[in-house]
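Working notes for the structure below.
2 protein chains.
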Amino acid sequence: MTGRAADSVVKAISGRIHSGVLADGDLLPAERDLMEEFGISRTVAREAVRILASQGLIAAKPRHRPVIRKAGFEAAFDAAGSIVGNLLQHPGGVHNLFDTRIMLEAALVREAALSAGKKDIVNLKTALAENGATIDDNDRFYQTDQQFHAVLYDIPGNPVYPAIHRAYTTWLAPQWGQMPRLADRNRINFASHTAIMDAILLRDPDAAEAALRSHLADAWDQVRLTFGDI
Amino acid sequence: MTGRAADSVVKAISGRIHSGVLADGDLLPAERDLMEEFGISRTVAREAVRILASQGLIAAKPRHRPVIRKAGFEAAFDAAGSIVGNLLQHPGGVHNLFDTRIMLEAALVREAALSAGKKDIVNLKTALAENGATIDDNDRFYQTDQQFHAVLYDIPGNPVYPAIHRAYTTWLAPQWGQMPRLADRNRINFASHTAIMDAILLRDPDAAEAALRSHLADAWDQVRLTFGDI
DNA sequence: TTGCAAATTTTGGTCATACCAAAAATACTT
DNA sequence: AAGTATTTTTGGTATGACCAAAATTTGCAA
């Protein structure tokens, strides 16, 4: 109707994905099979595959059969990823994004301080302990650092938050990855994590937020030290 | 090098867009021109256009010349839109999304209470006044209601927040649009807005957050009343 | 000259076919 | 049974062609 023959194919396939006919991890039918099934040309079949890929419903690596990828909120943020990548090239882009991260994590630690359950506390303590144990291993510290923050995103039990966390770490990875890793900095960051943890244990949302903001503001200073004004 | 000829074309064109050679609103060269310029087949030219469109750099309506669209954060959320749309069909999807909205707006009103400037206060008062003046006009109340919340997203001066607000209203519109509009409810919502405003004026973040959470929790109850458990 | 409608050109959407190279599948050898 | 060579499948790209919708030009009448 509306000019795009590929759209109907996209609709049909995404329907199969959501209804489970095509499960996570399955291979998409070959393009030549699609053209037979839907009575379309290969051009349209390829177009449909492209659209599905841009919507995150399938993962299409060059020269490989596209793989069905169950669409979670992660997929949504993945779809936004390429655009955000462009925006981060512009002055202020990284700062704007990091700023939202600060506000969100501030809200998350408040939430944690107010309503973290026993299990959440255990998870936080575990993550913190592992973080402390890897201060001298820069690569692993990087991982356990992220893991500690990840626990914060898990606490509300809302799958959107972990997806956001993954998006942040992915989008900001280019900057983060280039930052110099020093044991001294690790020690400072671990101390910050500990302060956040303490405030949560004391059920003091204001202190938790303050500690978190201080932590991320410090991290941002490091970014600026490395990259200058971006 | 690695398989996708279209990628180099995409890179070249996106470079032109970012460098301003192709400005916002310009028309993308015709496919047949692209193939000549880059020495590629029409297949690849079309592929490149598709990719650029999926990245939000150009807006391609069927049967129309693609238009350059300098991507903002709104474009990123637009790209995520189709996936989120699907997720909202699943049980709990709407709730999960609305939950994040509550947390974000709670953080925003805290921010507003702590650091809203004179201009922000004026904007809030204006929005609130217009909201109050339209209690008996359901459609306009709906608009001024959104406008009041929009001001909250504007206060931090970070372009990401207005984009998020637009995404929320777009994504949740299907539910919101079907809700019954009653002058009584308008009155309640206006009272909530006033309470939030008062707390901000008193520079009391806790009260502002409480008022906001109460307001949105109430709104959610209305949603459940209309749709049942979703 | 100007306004508008008809004719023409441009351009996006689709199809069919062909070739190549990388993957995947299969056959074969050790 | 394991590893290697061979065949088949499949995605990436190129050509060329046709149609219908847009955009442009042309031409005529007011």
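As they're listed, the protein sequences go chains V and D.
Sequence positions in the first sequence follow the numbering used here and run 1 to 230.
Sequence positions in the second sequence follow the numbering used here and run 231 to 460.
Beta carbons: idealized from backbone N, C-alpha and C, even for Gly.
Within 10 angstroms of its Cβ, does residue i collect 16 or more other Cβ (buried), or is it exposed?
i, result
"V21 of chain V", "exposed"
"S422 of chain D", "buried"
"L124 of chain V", "buried"
"H165 of chain V", "buried"
"H90 of chain V", "exposed"
"H294 of chain D", "exposed"
"S300 of chain V", "A question about residue 300 of chain V goes unanswered here, because the residues of chain V that appear run from 1 up to 230."
"A260 of chain D", "exposed"
"V390 of chain D", "buried"
"R331 of chain D", "buried"
Please work out which residues of its chain come closer than 8 Å, Cβ to Cβ, to residue i, disregarding the five sequence neighbours upstream and downstream, and give them in chain order.
i, result
"H325 of chain D", "W450 and I460"
"P410 of chain D", "T456"
"Q342 of chain D", "Looking at the sequence itself, residue 342 of chain D is Ala, so the reference to Gln does not match. The residues are D350, L354, L382, I385, I430 and A438."
"R433 of chain D", "A343 and L344"
"R417 of chain D", "I365"
"A210 of chain V", "A199"
"R140 of chain V", "T134"
"R272 of chain D", "E261, R262 and M265"
Less than 8 Å between the C-beta atoms of residue i and residue j, yes or no?
i, j, result
"L344 of chain D", "A71 of chain V", "no"
"A359 of chain D", "V381 of chain D", "no"
"M103 of chain V", "A337 of chain D", "yes"
"I385 of chain D", "A346 of chain D", "yes"
"D350 of chain D", "N158 of chain V", "no"
"A48 of chain V", "I17 of chain V", "no"
"L28 of chain V", "P66 of chain V", "yes"
"L446 of chain D", "L327 of chain D", "no"
"A23 of chain V", "I58 of chain V", "no"
"G81 of chain V", "I313 of chain D", "no"
"Q146 of chain V", "T169 of chain V", "yes"
"A363 of chain D", "F303 of chain D", "no"
"R309 of chain D", "A79 of chain V", "For clarity, residue 309 of chain D is Ala in the given sequence; the question names Arg instead. Going by C-beta atoms, A309 of chain D is nearer than 8 Å to A79 of chain V."
"F420 of chain D", "N361 of chain D", "yes"
To which residues of the same chain is residue i closer than 7 Å at the C-beta, ignoring the five residues directly before and after it?
i, result
"I51 of chain V", "A6 and V10"
"L442 of chain D", "E335, A336, V339 and I426"
"Q405 of chain D", "V324, V453 and F457"
"A183 of chain V", "I135 and D136"
"A437 of chain D", "A429"
Residue i CB to nearest chain V CB: under 8 Å?
i, result
"Q452 of chain D", "no"
"D329 of chain D", "yes"
"T232 of chain D", "Its pLDDT being 47, under 50, T232 of chain D is placed unreliably in this model, and the coordinates cannot settle the point."
"R280 of chain D", "yes"
"H248 of chain D", "yes"
"A301 of chain D", "yes"
"A438 of chain D", "no"
"M427 of chain D", "no"
"P296 of chain D", "no"
"P410 of chain D", "no"
"P292 of chain D", "yes"
"N416 of chain D", "no"
"N353 of chain D", "no"
I'd like to know whether the C-beta of residue i is nearer than 8 Å to at least one C-beta of chain D.
i, result
"H215 of chain V", "no"
"G56 of chain V", "yes"
"A12 of chain V", "no"
"A107 of chain V", "yes"
"P91 of chain V", "no"
"N96 of chain V", "yes"
Leaving out five residues before and five after residue i in sequence, what residues of the same chain have Cβ atoms less than 6 Å from its Cβ?
i, result
"L34 of chain V", "A45"
"A305 of chain D", "G286"
"M231 of chain D", "Note that M231 of chain D scores a pLDDT of 45, beneath 50, so its modelled location is shaky; the value from the coordinates is reported in the next line. Excluding positions up to five away in sequence, the list is empty."
"A167 of chain V", "F77"
"N368 of chain D", "R411"
Does the ligand FMN have a heavy atom nearer than 7 Å to the CB of residue i?
i, result
"R224 of chain V", "Ligands displayed in this structure: none; no statement on the ligand FMN is therefore possible."
Report the residues of the stretch 305 to 318 of chain D with a CB closer than 7 Å to any CB of chain V, ordered along the chain.
Under the 7 Å Cβ criterion, the stretch 305 to 318 of chain D contributes A305, A306, F307, A309, A310, S312, I313, V314, N316 and L317.
Proximal residues, the stretch 35 to 48 of chain V versus chain D, C-beta separation under 9 Å
Across the stretch 35 to 48 of chain V, CB contacts with chain D closer than 9 Å involve T43, R46 and E47, in sequence order along the chain.
Of all the residues that make up the stretch 386 to 405 of chain D, which are near chain V by a beta-carbon distance shorter than 9 Å?
If the cut-off is 9 Å between Cβ atoms, the stretch 386 to 405 of chain D has P386, N388, P389, V390, Y391 and I394 near chain V.
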